[in-house]
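Quick note: the sequence shown uses the working numbering, first residue 17, plus one each step.
Even glycine gets a Cβ: it sits at the ideal position worked out from N, Cα and C.
This one's a predicted model, so the numbers in the text were calculated from it and none came from an experiment.
Encoded as structure tokens, the structure appears first; notes follow it.
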Amino acid sequence: QVKRYDFLGIPSSVLILFAANMFHDRVVAPHKQEMIDFAKSVFSAVWGVIEFRFYIPLKDIILDLLNRRPRMVDPFALSNEQTSLDNMLKDLGVGDGTRENRARALASASRMYEEEVAGGAIRGIVRGK
17 QVKRYDFLGI
27 PSSVLILFAA
37 NMFHDRVVAP
47 HKQEMIDFAK
57 SVFSAVWGVI
67 EFRFYIPLKD
77 IILDLLNRRP
87 RMVDPFALSN
97 EQTSLDNMLK
107 DLGVGDGTRE
117 NRARALASAS
127 RMYEEEVAGG
137 AIRGIVRGK
């Protein structure tokens, strides 16, 4: 319970309003833009956490469940990956970097891998292969 006093016939609520106005004029008004910028930065940080931790994962789960997620391999990415595979097979020495003999080069690379594994994992580590 707040007691109300009359000081020289002036109600205490008028004194409280006067003090609040003085506080606003001397503290709040000069720093208003700084306070607004601070509030915006806090809101941005909080929204970033909410978006990163909750919104994006939940959206991705829903899109996965509804089969509406964009495919990971579009035609450009697929051709890029195939070119990269051809280059790796060529660097390995089992292909010539063309699409025509990719299957034969993959089979040869698989045989090379199986021979390395059959030779022993420790020996491969020691020899640096």
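Put simply, the backbone Cα of Glu132 is about 15 Å away from that of Val110. Contact between Asp102 and Arg115 is confirmed by a C-beta separation of about 7 Å, below the 8 Å threshold. In summary, Leu105 is buried, with 16 or more beta-carbon neighbours lying within 10 Å of its beta-carbon over all protein chains present. In this chain, the alpha helix (DSSP H) harbouring Thr99 covers Pro91 to Leu108.
About 13 Å separates the Cβ atoms of Arg69 and Asp76, ruling out a contact at the 8 Å cut-off. Leu108 is a Cβ neighbour of Ala125, given a cutoff of 8 Å.
Annotated three-state conformation of Asp76 is helix, per DSSP.
If you look at Tyr129, you'll find it in the alpha helix (DSSP H) that goes Arg118 to Ala134.
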